[in-house]
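Read left to right, the sequence shown gives residues 388 to 554 (this note's numbering).
A short worksheet on the structure shown next.
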Amino acid sequence: CDFDSFIKNEFPAKEKNFMEGKLNLKNINIGFIFFKPIRYLGFIDSKIKRRIDVKFFKISKSEINDSIYLAKGKTIVGKNTRLFEGKIQIRQIYFFKYISTGEEGEMDGIVKSQGIIIADYHFREDKKLSATGVFEGKVLLRWYVNNKGVFSYDTINNFSDDYNNNQ
388 CDFDSFIKNE FPAKEKNFME GKLNLKNINI GFIFFKPIRY LGFIDSKIKR RIDVKFFKIS
448 KSEINDSIYL AKGKTIVGKN TRLFEGKIQI RQIYFFKYIS TGEEGEMDGI VKSQGIIIAD
508 YHFREDKKLS ATGVFEGKVL LRWYVNNKGV FSYDTINNFS DDYNNNQ
């Protein structure tokens with residue numbers, strides 16, 4: 388399943404589920420989202436499909452471009468641990484037309500807006516070492532803004548079987 392197929396399956400008929408909106412990227416920082424206690428997993432090598440673990444040490448917002456975040460961390464593939472540096476760049480921001488209020492409506496009146504951010508990532512390991520590479524792809528992040536204007540990581544529907552975040 389590629390990323391575009393995932394989006395089509397998760398959010399069919401985008402025009403029905405999303406509306407236009409604006410997040411002021413100058414006033415938000417998504418860096419904290421990547422430090423949530425979740426395990427980032429992926430696979431490399433299309434034939435062998437070796438598991439890759441990604442751990443972030445630092446993610447900082449670019450001082451030049453509000454849609455770019457500079458990342459440092461490490462990858463673990465088998466017995467190899469390698470440091471990497473790279474960037475995450477916000478490409479698209481979608482707002483949900485219908486706001487979720489949680490399993491029993493506990494967020495009713497609290498959520499002002501809600502949606503997803505789609506970003507590209509590009510991480511490079513030290514090419515002077517053996518068994519290193521470049522990792523590129525897309526990430527989907529769910530977010531909401533509360534009625535006080537605070538941007539937050541969206542765990543409102545984490546009770547649901549189809550809940551996903553940081554894809």
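The beta carbon of each residue, even a glycine, is placed where N, CA and C say it ideally should be.
Every value quoted in this text rests on a predicted model; they were computed, and no experiment measured them.
Spatial distance of residue i from residue j (CA atoms)
i      : j      : result
TYR485 : GLY465 : 43 Å
LYS445 : ILE455 : 14 Å
GLN479 : GLY408 : 11 Å
ILE477 : ILE420 : 13 Å
LYS403 : SER487 : 15 Å
GLU491 : LYS514 : 51 Å
ARG438 : LYS413 : 35 Å
THR519 : ASN452 : 28 Å
THR568 : MET406 : No information on residue 568 is available, as it lies outside the stretch 388 to 554 that the chain covers here.
VAL537 : ASP432 : 40 Å
ILE505 : GLY489 : 23 Å
GLY502 : GLU450 : 25 Å
GLY524 : PHE483 : 23 Å
ASN552 : ILE435 : Unreliable positioning characterises ASN552 in this predicted model, as indicated by a pLDDT of 47, which lies under 50. The coordinate reading is nonetheless provided below. For ASN552 and ILE435, the distance between alpha carbons rounds to 26 Å.
GLU472 : TYR540 : 24 Å
PHE430 : PHE510 : 14 Å
Contact belief for residue i with residue j at Cβ below 8 Å, rounded distance in angstroms
i      : j      : result
LYS442 : GLY460 : 5 Å
ILE475 : ASP440 : So it is not a contact: roughly 17 Å between Cβ atoms.
LEU470 : GLU512 : 7 Å
VAL526 : TYR508 : 6 Å
ASN411 : LYS448 : Contact flag wrong, Cβ pair sits at about 13 Å.
Residues sharing a beta bridge with residue i, DSSP
i      : result
THR488 : In the DSSP output, where bridge partners are listed per residue, THR488 has none listed.
THR468 : ILE463
ILE477 : ALA506
SER539 : TYR531
SER500 : VAL532
ALA458 : ILE446 and GLY473
PHE419 : Its beta-bridge partners do not exist; DSSP assigns none.
Residue i, enclosing beta strand (DSSP E) - first and last residue
i      : result
LYS445 : 437-448
Do three or more CB pairs link the stretch 529-543 to the stretch 497-511 at distances below 8 Å?
Yes, they touch.
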